[in-house]
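J.:
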Ligand SMILES: Nc1ncnc2c1ncn2[C@@H]1O[C@H](COP(=O)(O)OP(=O)(O)OP(=O)(O)O)[C@@H](O)[C@H]1O
Ligand SMILES: Nc1ncnc2c1ncn2[C@@H]1O[C@H](COP(=O)(O)OP(=O)(O)OP(=O)(O)O)[C@@H](O)[C@H]1O
Ligand SMILES: [Mg+2]
Ligand SMILES: [Mg+2]
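Chains as they are written, first to last, in my numbering: chain A, 1 to 336; chain B, 1 to 336.
1) At a cut-off of 7 angstroms, is residue 162 (chain A) close to ligand 2 when judged by its beta-carbon and the heavy atoms of the ligand?
2) For residue 11 (chain A), write down the residues that DSSP places opposite it in a beta bridge.
3) Quick one: complete beta strand (DSSP E) runs, 3+ long, within the stretch 200-245 of chain A?
4) Does the beta-carbon of residue 38 (chain A), which I'm using as the reference point, lie nearer than 7 angstroms to any heavy atom of ligand 1?
5) Within 8 angstroms (strictly less), CB to CB, does residue 110 (chain A) reach chain B?
6) So what's residue 4 (chain B) in DSSP terms, helix, strand or just coil?
7) Spell out the partners DSSP gives residue 221 (chain B) in its beta bridges.
8) Could you say which of A:331, A:303, A:297 lies nearest to residue 321 (chain A) if we only look at CA atoms?
9) Can you tell me whether residue 300 (chain A) is helix, strand or coil according to DSSP?
10) Strictly under 8 angstroms for the Cβ-Cβ distance: is residue 244 (chain A) near chain B by that measure?
11) On the CB-based measure, 16 or more other CB atoms within 10 Å of its CB, does residue 154 (chain A) come out buried or exposed?
12) Give me the subset of the stretch 256-271 of chain A whose CB atoms are less than 8 angstroms from a CB atom of chain B, sorted by chain position.
13) Residue 205 (chain B) and residue 50 (chain B): beta carbons closer than 8 angstroms?
14) Starting from residue 218 (chain A), find everything on chain B with Cβ-Cβ shorter than 9 angstroms and list it in chain order.
15) What does the shell around ligand 3 hold, if a residue joins when its beta-carbon is under 7 angstroms from any heavy atom?
16) If you compare alpha carbons, which of B:43, B:37, B:45 is closest to residue 57 (chain B)?
17) Ligand 2 and residue 132 (chain A): does any heavy atom of the ligand fall closer than 7 angstroms to the residue's C-beta?
18) Give the straight-line distance between the Cα atoms of residue 120 (chain B) and residue 134 (chain A), rounded to the nearest whole angstrom.
19) Can you give me, in chain order, the residues of the stretch 63-74 of chain B that have a beta carbon less than 9 angstroms from any beta carbon in chain A?
20) Determine whether the Cβ of residue 7 (chain B) lies closer than 8 angstroms to any Cβ atom of chain A.
21) Between residue 19 (chain B) and ligand 4, is the CB less than 7 angstroms from at least one heavy atom?
22) Could you name the residues that DSSP lists as bridge partners for residue 337 (chain A)?
23) Using three-state DSSP, classify residue 319 (chain B) as helix, strand or coil.
24) Alpha carbon to alpha carbon, how far is residue 9 (chain B) from residue 275 (chain B)?
25) Is the Cβ-Cβ distance between residue 185 (chain B) and residue 102 (chain B) less than 8 angstroms?
26) With a threshold of 16 other CB atoms inside 10 Å of the CB of residue 82 (chain A), please say whether the residue is buried or exposed.
27) To test your reading of the DSSP string, which unbroken alpha helix (DSSP H) runs of 4 or more residues are found completely within the stretch 138-202 of chain B?
28) Kindly indicate which residue of A:28, A:6, A:55, A:51 has the alpha-carbon position closest to the one of residue 227 (chain A).
29) Among A:307, A:271, A:273, whose alpha-carbon lies nearest the alpha-carbon of residue 287 (chain A)?
30) Should residue 292 (chain B) be listed as close to ligand 1, given that the test is whether its C-beta is under 7 angstroms from any heavy atom?
31) Given a cut-off of 8 angstroms on the beta-carbon distance, is the pair residue 119 (chain A) and residue 161 (chain A) in contact?
32) Going by C-alpha distance, which of B:267, B:75, B:218 is nearest residue 16 (chain B)?
33) Among B:91, B:155, B:131, B:294, whose alpha-carbon lies nearest the alpha-carbon of residue 17 (chain A)?
34) Which residues in the same chain as residue 231 (chain A) place their Cβ atom closer than 7 angstroms to its Cβ, once the five residues preceding and following it in sequence are excluded?
35) When you measure from the CB of residue 67 (chain A) to every non-hydrogen atom of ligand 5, does any distance come out below 7 angstroms?
36) Which residue's Cα is closest to the Cα of residue 282 (chain B): B:264, B:296, B:297?
See the structure below:
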């Protein structure tokens, strides 16, 4: 295989938990706890998983908005794991992020024009006239009237604001965009426009995406491969067709069964997850999912190696006796 | 024999009646109507869904009901909002403060705007109880922890001390849900309550909201663009376009026999699990006009750039079959 555009190896991002009278560090939120993945040029990797399992933290670490505790991030041949912000700045052109909560990422005191012009100015591109032209093109590209340029983010609806975020991310024609729930705030019709736009941009510019979302129909539509994350770890990874047709991990199965169906009165067999959502503060020592569902084999998994095994060609799953059928687990054990 | 719950709904008491509501913003371009004669009612035990593209006025409708319009530019120009036996349009600020959070719970679209970033979530929850209920601080604290448990926040006691930025997007959303449900309101207005949640938590939260609704015989207005959620949760659906209601019908009708071309377009643009991956999705042609350019007549015809008389006069809103209402534009509705 040729070198991937992005390679993440055994990445860990922990946040300190402070407590007690002296506000000393008494533990850690193990938000991302040993994640490995890679994305090829022109590929879309979907990332799904329960709320709080560490998807946004992983995305932010990749664009180095936070610093990892351990592991390696190699982007386009550069090891950026511990690179300083000054070293990263030139790479920012190629590595962009679209955020989950648009109100978090757009400065409400800046006009849309100045938000969209900023990336060009930071990288010293174009004359004011050219930049004006580019801003208009960007707005058109994401389906906003050109009159929007002189408005401020608060004058837009939630969905319109998200399109401004997308326009900013594609401004410099990056190689990889980390998309953190880019269409969650959008209604279905704009969502399909934005997905079409993202697919078109990918075809035109050979863009890659890490696409974080929880709408599984959307993720399936846009992704080549999908990674399923559970409590800081990837538990299953396969091509999107394969993952939906043939899920192996119990959590993936539950996830797929929970997709709401747009057919009123439709009765479906839903696997309801019992037990509490686990906390990444002092996570269980063994299989996190096994702990949650109170699996009889949980005790066995403490200290066990639960890393991914290639159970079928390009289909990886955690070798976890609590989460696999007996057959699949036996198969995993026979693998190197 | 048990009576079907949906049948019960039809005859229950009307809790909220919105009648020809007009809400406008004072802008440089003049007074612009974001909500233009919108009418609907919600009965006890019922869930009303509001769908429509970004910018069509869903949130402004919701904010009008609880009188939280952006100030000083937003105001209600005309129409009435009757909640129980009160007229909310003319209610004072003090009256509204008593109603909000107590009788009407609101879940906002962007969680960060509803949470105070400089207070711990424990403090914010406790305040909500202390403001509306005769409780001691200790009781309020206990009730708050219980609310966090109810919305499936892991390690709730520890989380009480966290600030909003320390939580994941989905957790923040659940905090807002907890705040809205804390005082057991009669009506919950939920603006995209589950967009930041993954499907398994979404299924649990929707289940939880439904349980509460049944237990308290309360009502809900659910604003979402996820038609799957609408199909699974709502009894009746209002479809908005350009600040107006273009179609309103019981949920099965909307999905089985949509009448307005706009509703049909919305339903078609949604990706399904069986749409071929990485293909272009159907989109509704054209763009939503900005407020100042809206015509008097059929705004969907305007979007499709149809020439003719349909854009001149506002189409009547007619009951095309029992309980099924549609904006009767002859070009958008077949066999009128
Ligand atoms: N403070 C404001 N000043 C001027 N116009 C506004 C303001 N807030 C909203 N609008 C306009 O009112 C219209 C309706 O906005 P609203 O937020 O209700 O849309 P929405 O249907 O909730 O969309 P979304 O699905 O994106 O949340 C939009 O055209 C928006 O631009
Ligand atoms: N700055 C921070 N300080 C402390 N803890 C944090 C911080 N940011 C995130 N966390 C914690 O890390 C965990 C993972 O959060 P993250 O935002 O990555 O989840 P997520 O998978 O994106 O969830 P969602 O689907 O809800 O957006 C959570 O337990 C969260 O509380
Ligand atoms: Mg997130
Ligand atoms: Mg809205």
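C-beta: ideal position from N, C-alpha, C; glycine also.
T.: Here's the rundown:
1) Start at 1 with the first residue of the first chain, and residue 162 (chain A) comes out as number 162. No, ligand 2 has no heavy atom inside 7 angstroms of this Cβ.
2) Along the first chain, one-based indexing puts residue 11 (chain A) at 11. According to DSSP, residue 11 (chain A) bridges with A:35.
3) Those beta strand (DSSP E) runs which fall completely within the stretch 200-245 of chain A and span 3+ residues are 208-212, 225-230, 233-239.
4) Taking the first residue of the first chain as position 1, residue 38 (chain A) is located at position 38. Answer for residue 38 (chain A): no, Cβ out of range of ligand 1.
5) For the purposes of this step, residue 110 (chain A) is taken as the residue at position 110 of the first chain. Output row for residue 110 (chain A): interface = no.
6) Reading the second chain from its first residue, position 4 is the one you call residue 4 (chain B). Caution applies to residue 4 (chain B), whose pLDDT of 43 falls short of 50 and renders its modelled position unreliable; the value that the coordinates give is listed next. Coil.
7) Here residue 221 (chain B) is taken as the residue at index 221 of the second chain, counted from 1. DSSP, once it has assigned bridges, lists B:48, B:189 as partnering residue 221 (chain B).
8) Along the first chain, read from residue 1 onward, the residue named residue 321 (chain A) stands at position 321. Put simply, of A:331, A:303, A:297 the residue whose alpha carbon is nearest the alpha carbon of residue 321 (chain A) is A:297.
9) The residue you call residue 300 (chain A) lines up with position 300 of the first chain. Judged by DSSP in its simplified three-state form, residue 300 (chain A) adopts helix.
10) Here the question's residue 244 (chain A) lines up with position 244 in the first chain. With a threshold of 8 angstroms between beta carbons, residue 244 (chain A) makes contact with chain B.
11) Position 154 of the first chain, counting from 1, holds the residue named residue 154 (chain A). Classification for residue 154 (chain A): exposed.
12) Listed by position, the residues of the stretch 256-271 of chain A near chain B (Cβ gap below 8 angstroms) are 258, 259, 260, 261, 262, 263, 264, 265, 266, 270.
13) Residue mapping note: residue 205 (chain B) aligns to position 205 of the second chain, counting from 1. Residue mapping note: residue 50 (chain B) aligns to position 50 of the second chain, counting from 1. Contact: no.
14) If you number the first chain from 1, residue 218 (chain A) lands on position 218. 271, listed in chain order.
15) In chain order, the qualifying residues are A:55, A:56, A:100, A:180, A:181, A:212, B:168, B:169, B:170.
16) To locate residue 57 (chain B), count along the second chain from 1; it is residue 57. With distances taken between CA atoms, residue 57 (chain B) lies nearest to B:37 out of B:43, B:37, B:45.
17) To locate residue 132 (chain A), count along the first chain from 1; it is residue 132. Residue 132 (chain A) Cβ: outside cutoff for every heavy atom of ligand 2.
18) Walking along the second chain from the start, residue 120 (chain B) turns up at place 120. Walking along the first chain from the start, residue 134 (chain A) turns up at place 134. Between residue 120 (chain B) and residue 134 (chain A), the C-alpha separation is close to 43 angstroms.
19) Cβ contacts with chain A come from 70.
20) Mapped onto the second chain, residue 7 (chain B) falls at position 7. Confidence at residue 7 (chain B) is low in this model, with a pLDDT of 41, below 50, so its placement is unreliable and the value that follows should be read with caution. So, not an interface residue.
21) Within the second chain, residue 19 (chain B) is the residue found at index 19, counting from 1. No, the beta carbon of residue 19 (chain B) sits no closer than 7 angstroms to any heavy atom of ligand 4.
22) Nothing can be reported for residue 337 (chain A), as the shown portion of chain A is limited to 1 through 336.
23) Within the second chain, numbered from 1, the residue matching residue 319 (chain B) stands at position 319. Here residue 319 (chain B) sits in strand by DSSP.
24) On the second chain, residue 9 (chain B) is found 9 positions in, with the first residue counted as 1. On the second chain, residue 275 (chain B) is found 275 positions in, with the first residue counted as 1. A caution first: residue 9 (chain B) carries a pLDDT of 43, below 50, which makes its placement in the model unreliable, though a value can still be read off. Taking the straight line joining both Cα atoms gives about 35 angstroms.
25) Against the second chain, residue 185 (chain B) aligns to sequence position 185. Against the second chain, residue 102 (chain B) aligns to sequence position 102. The Cβ-Cβ distance between residue 185 (chain B) and residue 102 (chain B) falls below 8 angstroms.
26) What you label residue 82 (chain A) is simply residue 82 of the first chain in a count that begins at 1. Burial call: exposed.
27) Correct list: 156-159, 169-181.
28) By 1-based counting over the first chain, the position of residue 227 (chain A) is 227. Taking residue 227 (chain A) as reference, the option from A:28, A:6, A:55, A:51 with the minimal CA-CA separation is A:55.
29) Working through the first chain from its first residue, we reach residue 287 (chain A) at position 287. Of A:307, A:271, A:273, the smallest CA-CA separation from residue 287 (chain A) is found for A:307.
30) Position 292 of the second chain holds residue 292 (chain B). Not one heavy atom of ligand 1 falls within 7 angstroms of the beta-carbon of residue 292 (chain B).
31) Taking the first chain and counting its residues from 1, one reaches residue 119 (chain A) at position 119. Taking the first chain and counting its residues from 1, one reaches residue 161 (chain A) at position 161. No.
32) One-based indexing of the second chain puts residue 16 (chain B) at position 16. Proximity to residue 16 (chain B) across B:267, B:75, B:218 peaks at B:218, based on C-alpha coordinates.
33) Numbered from 1 along the first chain, position 17 holds the residue referred to as residue 17 (chain A). With distances taken between Cα atoms, residue 17 (chain A) lies closest to B:155.
34) As a first step, residue 231 (chain A) is located in the first chain; it is residue number 231 there, counting from the start. 53, 278, 280, 283, 288.
35) Summarising the ligand content, the structure contains ligand 1, ligand 2, ligand 3 and ligand 4 and does not contain ligand 5.
36) Working through the second chain from its first residue, we reach residue 282 (chain B) at position 282. Taking the Cα of residue 282 (chain B) as reference, the smallest distance to any Cα among B:264, B:296, B:297 is reached at B:264.
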